[in-house]
Amino acid sequence: MIKQNNSSQADTTEALNRTPILEGDRTMWIIYAVLIVVSILVVYSSTAKMVYDVTSSMTSTESLRMQIMLIMVASLPVVFITHKINHTFYNKITPWVFWICVGLTLATYFFGESTNGAARWIAIGPVKIQPSELLKISTILMLARNMEARQRNIDRIKLLPTSFKLRSAEQMRILKENSWPLLGPVVISCGVIAFAHVSSALIIGIVSMLMLYIGRVNWRELLKVCFVGVAAAALLFTTLSLVGIGRGGTASTRLETWITELFLTDGKKERVYELSDTDRAMIAIHDGGIIGDGAGHSASRAIVIHPESDYAFAFFSSEYGVVAAIVLMLLYLWITFRSIEICRRCTTPFPTLLAAGLGILITCQALLHILVQVNLFPETGQTLPLISRGGSSLLSMSLAIGMIISISRTATPISKE
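Following this line, the structure appears as structure tokens:
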């Protein structure tokens, strides 16, 4: 008996010694590492334009670079810790995290700092965060949690009331059991974020609809929700634009400018010497050519507005060329493909829906960022995930990657081999 116990303890010790430090999906780790390296190259090179700014100094440039590097280094333990936590823990804390993020986002409108007329940042001690970035993640968590509890009959439920008699028992049941749990978090998140960042609300809406579709909600119900949602959003932003509240006016102006530049060529001829931010981005992509100007040699840093954040993809294309830019796009698509592969190996609904939602979120935000650079979508200010400068964005995307890796580590069946 003693020999067997000693043998068992030895086997356990040996197993622990063989446990790798970085667990989970190796492909996702590689993609994350590549994107972080690209981020360092892009942000470090793009901030060099501050040297030529008469209002800046070399000291401030180096200080900014140091700050950016510290943020990137800080994201590494975020991914490491997150991927070590079992997904069941995320399920338990989801309601608390969601409502805290909602509260912090609302607080930014009263106590936060504004940029370009939008209140987005709030200070928690010495640290400034953008709660709306974390609210994206918490909304996906909340939706995955609520969908898991309804998987038995989710393909037959009604998302919206079927009658205007909302006080009837049947309609109240639909509102209480279906509409509020599945659509409530999405509506709350979009409503809270839209006042400061319309495009973030759009991303949450798109990702949520895709999650509901993956979760087997009837497509006819989703079409009804999309129709009602688009109509309600159009009415809301039209009203806000007229009264001058929130970002409705800014969104309308950007949309109008984009339509004019995209379809009305005569409008462009009237402003020969005026270049929009998107025009500058497209020039940078064109000048980069096939192989680019090389790291640190692109002149586009002096042309592109915010090459380290809002137009990071254009700056990357100018330095490394179209071929590298295509590879970068494929990396973002690969995140979704790997997430789907992880979903297929999951055995319960929550990790399945969570991995799918987070993967789609990262790819969707990257796609929206890239579409703006080539003038296929109005200006949004969305960052390029894990690459653009921005502590809150990098933190939220690192959390998303860490959770996906955690699911790949803990929510997959053990091989019999």
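According to this note's numbering, the sequence shown is numbered sequentially starting from 40. Every residue gets a Cβ at the ideal spot worked out from N, C-alpha and C, and that includes glycine.
Straight-line gap, residue i to residue j (C-alpha atoms, nearest Å)
i, j, result
"I329", "I365", "10 Å"
"H408", "I243", "15 Å"
"S437", "L174", "14 Å"
"P134", "R184", "9 Å"
"L370", "L222", "31 Å"
"L406", "L143", "27 Å"
"S207", "S435", "42 Å"
"Y129", "A439", "12 Å"
"I446", "K204", "43 Å"
"L182", "I176", "10 Å"
"K263", "L274", "17 Å"
"I453", "G63", "With a pLDDT of 42 at I453, under the threshold of 50, the modelled position of that residue is not reliable, and no figure is offered here."
"A338", "L80", "15 Å"
"R384", "D194", "22 Å"
"L180", "R65", "23 Å"
"A188", "Y83", "46 Å"
"Q421", "A272", "19 Å"
Same chain, Cβ closer than 7 Å to residue i, five either side skipped, listed in chain order
i, result
"I443", "M67, S378, I381, A394, L397, G398"
"Q43", "Per-residue confidence for Q43 stands at a pLDDT of 46, beneath the threshold of 50, marking its modelled position as unreliable; the derived number appears in the next sentence. Contacts found: none."
"P59", "none"
"T449", "N125, H126"
"I70", "L370, W373, I374"
"D332", "S357, E358"
"V117", "L434, S437, L438, G441"
"I322", "I342"
Residues bridged to residue i [DSSP beta-bridge criterion]
i, result
"I168", "I161"
"E358", "Paired residues: none, contrary to the question."
"E380", "Per DSSP, none; premise fails for E380."
"E152", "W160"
Residues near residue i in its chain [Cβ-Cβ closer than 6 Å; skip 5 each side]
i, result
"M186", "G254, L392"
"V93", "Because the pLDDT of V93 is 43, which lies under 50, any placement of that residue in the model is unreliable, and the number read from its coordinates should be weighed accordingly. Here the set comprises nothing."
"Q190", "P388"
"A233", "A240"
"S431", "I168, Q169, E172"
"G327", "S356, S357, G360"
Rounded distance between the beta-carbons of residue j and residue i, thought under 8 Å
i, j, result
"Q210", "P200", "4 Å"
"A235", "T178", "Their Cβ separation, rounded to whole angstroms, is 16 Å, which puts A235 and T178 out of contact at 8 Å."
"T317", "V231", "Not really, about 28 Å apart at Cβ, beyond 8 Å."
"E358", "S427", "Contact flag wrong, Cβ pair sits at about 15 Å."
"D433", "S114", "First, the amino acid is wrong: residue 433 is Leu here, not Asp. Correct: roughly 5 Å between the Cβ atoms."
"V256", "L198", "7 Å"
"R293", "P417", "4 Å"
"S85", "R319", "That belief does not hold up - the Cβ atoms of S85 and R319 are roughly 13 Å apart, past 8 Å."
Spatial neighbours of residue i in its chain, beta-carbon cut-off 8 Å, leaving aside the 5 residues before and after
i, result
"I120", "G441"
"S61", "In the sequence under discussion, the amino acid at residue 61 is Leu, which differs from the Ser named in the question. Correct list, in chain order: W68, F119, H122."
**Request:** Go through the region 406-449 residue by residue and report every complete run of the alpha helix (DSSP H) that reaches 4 residues or more, in order.
**Result:** Entirely contained in the region 406-449, the alpha helix (DSSP H) runs reaching 4 residues are, in chain order, 430-449.
**Message:** Going residue by residue through the region 215-269, where are the continuous alpha helix (DSSP H) segments of at least 4 residues, counting only ones entirely within it?
**Reply:** 223-233, 237-253
**Item:** Ordered list of alpha helix (DSSP H) runs contained in the region 186-219, each at least 4 residues
**Value:** DSSP runs (the alpha helix (DSSP H)) wholly in the region 186-219: 208-213.
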